[in-house]
Amino acid sequence: MKVIAHHGKIQDKPPSFYASFNCIISGLDNVEARRWLNATVCGLVELDDDGDPDPSTIVPIVDGGTEGFSGQARVILPRITSCFECSLDAFPPQKSFPLCTVAETPRLPEHCIAYAFTLQWPREFPDRKLDTDSPDDMKWVYEQALTRAEKFNIPGVTYMLTMGVVKNIIPAVASTNAIVAAACVNETVKLLTFCSQTLNTYMMYMGSTGVYSHTFVYERKDDCPVCTSTVRKMTVTKKTTLNELLQQLRDGELRLKSPSVVAAGSGTLYMQKPPSLEKATRPNLDLALSALIKEGEELTVTDPIFPNLNLSLSIYFE
1 MKVIAHHGKI QDKPPSFYAS FNCIISGLDN VEARRWLNAT VCGLVELDDD GDPDPSTIVP
61 IVDGGTEGFS GQARVILPRI TSCFECSLDA FPPQKSFPLC TVAETPRLPE HCIAYAFTLQ
121 WPREFPDRKL DTDSPDDMKW VYEQALTRAE KFNIPGVTYM LTMGVVKNII PAVASTNAIV
181 AAACVNETVK LLTFCSQTLN TYMMYMGSTG VYSHTFVYER KDDCPVCTST VRKMTVTKKT
241 TLNELLQQLR DGELRLKSPS VVAAGSGTLY MQKPPSLEKA TRPNLDLALS ALIKEGEELT
301 VTDPIFPNLN LSLSIYFE
């Protein structure tokens, strides 16, 4: 076996890189990266005239992840089985702390740590972004958080907790990692050799109170923005602005990151990039959608979280 290492972000590789594999084993450590990979691989699938996927363009994904004594493994056949985006509802939004609590009335060690890296760091180093992989930067955050914790008599600030809060680190358990890794390899062997039926579609492992696993089928979502081609319908008031719509796309079930919007009949409403186009379309953000588009008009939404894929929306007014 020959192993070739590539050091860098998965987003730096072109779609052709992922299309060159017979199967992809994903052990990514965050939801955003998983969504990106899932959308990229789903975007590789070519459809025939009847809308059915071409099997030769399907690259299966075997996804595994662990969290303490819990873990999961799943098999994704893009545009055939449910994809990662179909199960996004199972992942709670990333935990955050109210800024007013962090700044004025901290009660937890996490509040002190959040204060150090969200408020103190920009104040002390306005021209340099915090490098979470730098031991020196993380030591500075820890020391500042410890000082603030002592001021408010809050115990529990440690270097490891600081790393966990800043980088959202979850403790790794070797036995859980071994079980999930074995499950992923087992499914990969089945996919590549056709020696047995693959997992359909999800296996969860829970080892906190014993040894227990459970398999079940994650169904495809009819309106999944990644593995289906349906037009989603959204109803808003006539006073809803474009900026409010974009905020709904970020905070709602889609959890987009930096959406750009183009209307079928009205043209470009807002583009995040390049800077010149963002500046030119920025005035539209404060305008009501009813002044920008017609009712039922189809919008095409693009977002970095969905590379090479477009999301279609039809807007209706209350």
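Each residue of the sequence shown is one higher than the one before, counting from 1 in the UniProt record's numbering.
For glycine and all other residues, C-beta sits at the position ideal for the given N, C-alpha and C.
Residue i versus residue j - alpha carbon distance
{"i": "PHE91", "j": "VAL31", "result": "8 angstroms"}
{"i": "PRO304", "j": "ALA5", "result": "25 angstroms"}
{"i": "GLN72", "j": "GLU278", "result": "40 angstroms"}
{"i": "PHE17", "j": "ASN200", "result": "27 angstroms"}
{"i": "GLU219", "j": "LEU245", "result": "28 angstroms"}
{"i": "VAL166", "j": "SER70", "result": "22 angstroms"}
{"i": "THR215", "j": "LYS9", "result": "32 angstroms"}
{"i": "VAL217", "j": "PHE84", "result": "13 angstroms"}
{"i": "SER312", "j": "ALA145", "result": "45 angstroms"}
{"i": "ASP50", "j": "LEU99", "result": "52 angstroms"}
{"i": "PHE125", "j": "GLY210", "result": "48 angstroms"}
{"i": "LYS221", "j": "PRO275", "result": "35 angstroms"}
Residue i and residue j closer than 8 angstroms at C-beta
{"i": "ASP63", "j": "SER26", "result": "yes"}
{"i": "VAL45", "j": "PRO53", "result": "yes"}
{"i": "VAL157", "j": "CYS86", "result": "no"}
{"i": "TYR212", "j": "MET206", "result": "yes"}
{"i": "LEU249", "j": "LEU269", "result": "no"}
{"i": "THR66", "j": "VAL185", "result": "no"}
{"i": "LEU289", "j": "LEU256", "result": "no"}
{"i": "TYR192", "j": "THR198", "result": "Note on identity: in this sequence residue 192 is Leu, with Tyr being the wrong assignment. No, the Cβ-Cβ distance between LEU192 and THR198 is not below 8 angstroms."}
{"i": "PHE272", "j": "SER260", "result": "Correcting the residue identity first, residue 272 is Gln in this sequence and not Phe. In this structure, SER260 lies closer than 8 angstroms to GLN272 by Cβ."}
Own chain, CB closer than 6 angstroms to residue i, minus 5 neighbours either side, in chain order
{"i": "SER314", "result": "VAL231, LYS233, GLY296, GLU298"}
{"i": "SER208", "result": "PHE69"}
{"i": "ALA263", "result": "LEU269, ILE293, GLU297, LEU299"}
Secondary structure of residue i, DSSP reduced to three states
{"i": "HIS214", "result": "strand"}
{"i": "ILE4", "result": "coil"}
{"i": "ARG79", "result": "coil"}
{"i": "LEU146", "result": "helix"}
{"i": "GLU244", "result": "helix"}
Same chain only: Cβ atoms within 7 angstroms of residue i, ignoring 5 sequence neighbours per side
{"i": "ASN308", "result": "PRO15, THR40, GLY43"}
{"i": "LEU28", "result": "ARG34, LEU37"}
8 angstroms CB neighbourhood of residue i in its chain, flanking five on each side removed
{"i": "ARG79", "result": "CYS42, VAL45, LEU47, PRO53, ILE58, CYS227"}
{"i": "TYR316", "result": "LYS233, MET234, THR235, VAL236, GLU295, GLY296"}
{"i": "LEU161", "result": "PRO109, GLU110, ILE113"}
Practice task
Determine, using beta-carbon pairs with one atom in the region 141–153 and one in the region 113–121, whether at least three such pairs fall under 8 angstroms.
Solution key: yes
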